[in-house]
Amino acid sequence: KTALTADDLLRSDTVSRAEIEYLRERVLNRANLIVVGGTGSGKTTFLNLISQWIPAEERVITVEDAAELRLENAHVVRLETRPPNLEGQRAVTARDLVRNALRMRPDRIIVGEVRGDEVLDMLQAMNTGHDGSMTTLHANSTRDAIHRLELLAGFAGFKGSSATFRGQIASSIDLFVHVARLPSGARKLMAVTEVLGLEGEELQLRDLFRYDSLSGQRQDLRGAR
Numbered sequence: 001k002t003a004l005t006a007d008d009l010l011r012s013d014t015v016s017r018a019e020i021e022y023l024r025e026r027v028l029n030r031a032n033l034i035v036v037g038g039t040g041s042g043k044t045t046f047l048n049l050i051s052q053w054i055p056a057e058e059r060v061i062t063v064e065d066a067a068e069l070r071l072e073n074a075h076v077v078r079l080e081t082r083p084p085n086l087e088g089q090r091a092v093t094a095r096d097l098v099r100n101a102l103r104m105r106p107d108r109i110i111v112g113e114v115r116g117d118e119v120l121d122m123l124q125a126m127n128t129g130h131d132g133s134m135t136t137l138h139a140n141s142t143r144d145a146i147h148r149l150e151l152l153a154g155f156a157g158f159k160g161s162s163a164t165f166r167g168q169i170a171s172s173i174d175l176f177v178h179v180a181r182l183p184s185g186a187r188k189l190m191a192v193t194e195v196l197g198l199e200g201e202e203l204q205l206r207d208l209f210r211y212d213s214l215s216g217q218r219q220d221l222r223g224a225r
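Residues 1 to 225 (the working numbering) make up the sequence shown, in order.
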């Protein structure tokens, strides 16, 4: 089973050429990004696609529950979580692995899916020189993703205010990429959203690309202000 290419997604009308070219440029320029979507939306497929654009000479460390990412880079170190044994011991969590990855001098860290207390370490990695890192998150929109990140941070023991955590998001994440499976079964890139920063207590977001499922039209909003 080979990873889908940009051409495959263009043929299936999942993405537009402008979206592909924009995302490729941002990956090369080391944007930190999160692919968000619901169950069956193709988050991992999309993460696989964009991770193929990482320059071959870069050292990449992946953290996954099961190896689904198919990076072609020569310098990939794959780390996998491990459930506890019958005595409830010797578990290796995603948080353990992200912390280990930070000590292994990666250029980028890719976490297959953020779903627990590793969220704080992942954001810290994105904020401390590991630009170009990426992950996926189960959420139904970018706004939902931000709410979910706040919930996960709370469960992980984050003691600061919502505004403090949103400030951390603003300084860590450059782009949210929202993918969805439509009722017809078709998968679509629904939005590419840029994080502009924090204003007061609110994250300032701007959609760069948007798919309107009612009209079936794609909107390139990069020129809009």
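Even glycine gets a Cβ: it sits at the ideal position worked out from N, Cα and C.
Proximity test, Cβ basis, 8 Å: residue i and chain B
i     : result
Asn48 : The displayed structure is made up of one protein chain only, and chain B is not part of it.
Cβ-Cβ distance between residue i and residue j below 8 Å
i      : j      : result
Gly132 : Arg103 : no
Glu72  : Gln52  : yes
Thr135 : Val111 : yes
Ile54  : Met126 : no
Arg78  : Thr62  : yes
Thr45  : Leu189 : no
Leu137 : Ala170 : no
Leu4   : Leu49  : yes
Leu10  : Arg17  : yes
Neighbour-count burial assignment, residue i, 16 or more Cβ in a 10 Å radius
i      : result
Gly160 : exposed
Pro106 : buried
Glu113 : buried
Glu25  : exposed
Glu87  : exposed
Leu214 : exposed
Asp121 : buried
Val187 : Note that residue 187 corresponds to Arg in the displayed sequence, not to Val. Looking at its Cβ environment, which holds 16 or more other Cβ atoms inside 10 Å, Arg187 is buried.
Ser12  : exposed
Ala56  : exposed
Leu182 : exposed
Ser41  : buried
His130 : buried
Ala180 : buried
Leu28  : exposed
Ala224 : exposed
Leu196 : exposed
Ala67  : exposed
Beta-bridge partners of residue i, as assigned by DSSP
i      : result
Gln219 : Arg210
Met134 : Leu33, Ile110
Gly197 : Gln204
Leu86  : Answer by DSSP bridge pairing: none, since Leu86 is not bridged.
Phe176 : Ile34, Thr193
Lys188 : Ala180
Val119 : Answer is none; Val119 lacks a bridge partner.
Val92  : Arg82
Cβ shell of residue i (< 6 Å), same chain only, five flanking positions each side left out
i      : result
Glu201 : Ala163
Gln219 : Arg210
Leu152 : Val119
Val35  : Lys43, Phe46, Leu47, Thr136, Val177
Ala31  : Asp174, Leu175
His75  : Arg59
Asp65  : Thr81
Val92  : Thr81, Arg82
Neighbourhood of residue i by C-beta, 8 Å cutoff - its chain only, sequence neighbours within 5 removed
i      : result
Leu221 : Arg206, Asp207, Leu208, Phe209, Arg210
Glu150 : Ser162, Phe165, Arg166
Asp144 : Val36
Gln217 : Tyr211
Contacting residues, own chain, Cβ-Cβ under 7 Å from residue i (five flanking each side not counted)
i      : result
Glu19  : Leu189, Val192, Phe209
Leu97  : Val63, Leu79, Thr81
Gly167 : Leu198
Asp212 : Gln219
Asn140 : Gly38
Segments assigned beta strand (DSSP E), at least 3 residues, entirely inside the segment 3-81: Taking 3 residues as the minimum length, the beta strand (DSSP E) runs contained wholly in the segment 3-81 are 33-37, 60-64, 76-80, in order along the chain.
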